[in-house]
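Trainee:
In the numbering used here, the protein residues as written are 1 to 386.
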């Protein structure tokens, strides 16, 4: 059942719909799309929830269609985790402490706190911690975690807050869920109306096999593409002739000889498959800052960062998606977003282990169709499951 909420979080009456697409993602905010007849739409709908799913969608786009068979509306948007991108820090953030303490630090730095645990514990003026520069959320804090493991936090200034949080959780083996926390409507003119109470859930491994012969998968699609893969990236940085850096050389570029330095980065895991020791090369021209005498180490570090980013843009593609059946394994009882599962292709006698990074649900005509998308698969020894 779909639950409709207004801007204050009050539930609105039920209504007919034609189709709902509910796309859950593990390491970024998911999205939704609701298709209804115009007569069944209520302009007061601001948030949408779905029974047995932890997400809340915020209506951000309403599209009207006037067709011969009638008038229709498509309401769409992201899940409220996307609102975390409303925050950003003006400074790099670095810390080494527990998972929860690092998440608290991000929340206090990125988001306004009119209520909730972070405001109560941190208050105003927390030493060298920068509070947010603007009102963005009513509150944003994580439920307490049992883990006391020490983790490292590295967030870049100017980076969207949601990206910083998702990156930190992914590296440490967690995924994010959020529920809304609404402010009083009487404060709407001076305070944000919505806040986020979040939970970090540990990623799991499950003994679940998606296999057509088992009757747990209807279709399985495996894609491997190394046509754009480059394991070796070289960066060239043009410098002034007066700059005295080690191992400099002259190259001919833009119709003249120019002085430069080079940096190289190799990641052989990204080499094309079955071509021996071949290492395709990609060359880029970097644009480092503060190129001055005495700052060679900083310039070369900037070049290395540019090379690593370029490698990600030229990485081989490998993923599995499958349309699953709800017979032997029931979603989300037996498996859920973020779980590590197994996929078997009996025709090829291959088996892969991969994490569920996306779940696409489509509801229409009292039918629910589910497709899962898995992250980078890891080859396993094939064992037929009966």
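Glycine included, every Cβ here is placed at the ideal spot set by N, Cα and C. In this text, all values refer to a predicted model and were calculated from it rather than measured experimentally.
Using DSSP with H/G/I as helix, E/B as strand and the rest coil, what is residue 300?
Mentor: Against the chain shown, residue 300 aligns to sequence position 300. Helix.
Trainee: When the Cα atoms are used, what is the spatial distance from residue 199 to residue 143?
Mentor: By 1-based counting over the chain shown, the position of residue 199 is 199. By 1-based counting over the chain shown, the position of residue 143 is 143. The alpha-carbon atoms of residue 199 and residue 143 are separated by roughly 5 Å.
Trainee: Would you mind working out which of 288, 208, 321 sits nearest residue 342, comparing C-alpha positions?
Mentor: Along the chain shown, one-based indexing puts residue 342 at 342. For residue 342, the nearest C-alpha among the options comes from 208.
Trainee: Give the DSSP-derived three-state secondary structure of residue 11 in the structure shown.
Mentor: Translated into positions along the chain shown, residue 11 becomes position 11. It is a strand residue.
Trainee: To test your reading of the DSSP string, which unbroken alpha helix (DSSP H) runs of 4 or more residues are found completely within the region 70-128?
Mentor: List check, alpha helix (DSSP H) in window: 99-110, 117-122.
Trainee: Can you give me the Cβ contacts of residue 237 inside the same chain, cut-off strictly under 7 Å, excluding the 5 residues immediately before and after it?
Mentor: As a first step, residue 237 must be located in the chain shown, where it is residue number 237. Same-chain partners within the cutoff: 260, 261, 286, 288, 299, 303.
Trainee: In this structure, how does DSSP classify residue 185 when only helix, strand and coil are distinguished?
Mentor: Residue numbering aside, residue 185 sits at position 185 when the chain shown is read from its first letter. Three-state DSSP puts residue 185 in a helix.
Trainee: Helix, strand or coil for residue 176 per DSSP?
Mentor: Sequence index remark: in the chain shown, residue 176 carries index 176 (1-based). If DSSP states are grouped into helix, strand and coil, residue 176 belongs with the strands.
Trainee: Run the CB neighbour count on residue 205, radius 10 Å, all protein chains shown included, and call it buried at 16 or more, exposed below.
Mentor: Working through the chain shown from its first residue, we reach residue 205 at position 205. Answer is exposed; the Cβ neighbour count stays below 16.
Trainee: Terminal residues of the continuous beta strand (DSSP E) containing residue 207?
Mentor: For this step, residue 207 is matched to residue 207 along the chain shown. Counting along the chain, the beta strand (DSSP E) containing residue 207 begins and ends at 205-210.
Trainee: Across which residues does DSSP place residue 397 in a beta bridge pair?
Mentor: Outside the displayed range of the chain (1 to 386) lies residue 397, so it cannot be described from this structure.
Trainee: Please classify residue 108 as buried or exposed, where buried requires at least 16 other C-beta atoms within 10 Å of its C-beta.
Mentor: For the purposes of this step, residue 108 is taken as the residue at position 108 of the chain shown. Answer is buried; the Cβ neighbour count reaches 16.
Trainee: Helix, strand or coil for residue 275 per DSSP?
Mentor: Position 275 of the chain shown, counting from 1, holds the residue named residue 275. DSSP places residue 275 in coil when its eight states are reduced to three.
Trainee: How about residue 139 and residue 115: are their beta carbons less than 9 Å apart?
Mentor: Within the chain shown, numbered from 1, the residue matching residue 139 stands at position 139. Within the chain shown, numbered from 1, the residue matching residue 115 stands at position 115. A contact, by the Cβ cut-off of 9 Å.
Trainee: Grouping DSSP H, G and I as helix and E and B as strand, with all else coil, what is residue 166?
Mentor: Taking the chain shown and counting its residues from 1, the one referred to as residue 166 is at position 166. DSSP places residue 166 in helix when its eight states are reduced to three.
Trainee: Distance, Cα to Cα, residue 297 vs residue 243?
Mentor: As a first step, residue 297 must be located in the chain shown, where it is residue number 297. As a first step, residue 243 must be located in the chain shown, where it is residue number 243. Roughly 13 Å separates the two Cα atoms.
Trainee: Considering just the uninterrupted stretch of the beta strand (DSSP E) at residue 355, what are its terminal residues?
Mentor: As a first step, residue 355 is located in the chain shown; it is residue number 355 there, counting from the start. Here the beta strand (DSSP E) through residue 355 covers 350-364.
Trainee: What three-state label does DSSP hand residue 36 in the structure shown?
Mentor: Start at 1 with the first residue of the chain shown, and residue 36 comes out as number 36. Note: residue 36 maps to strand in three-state DSSP.
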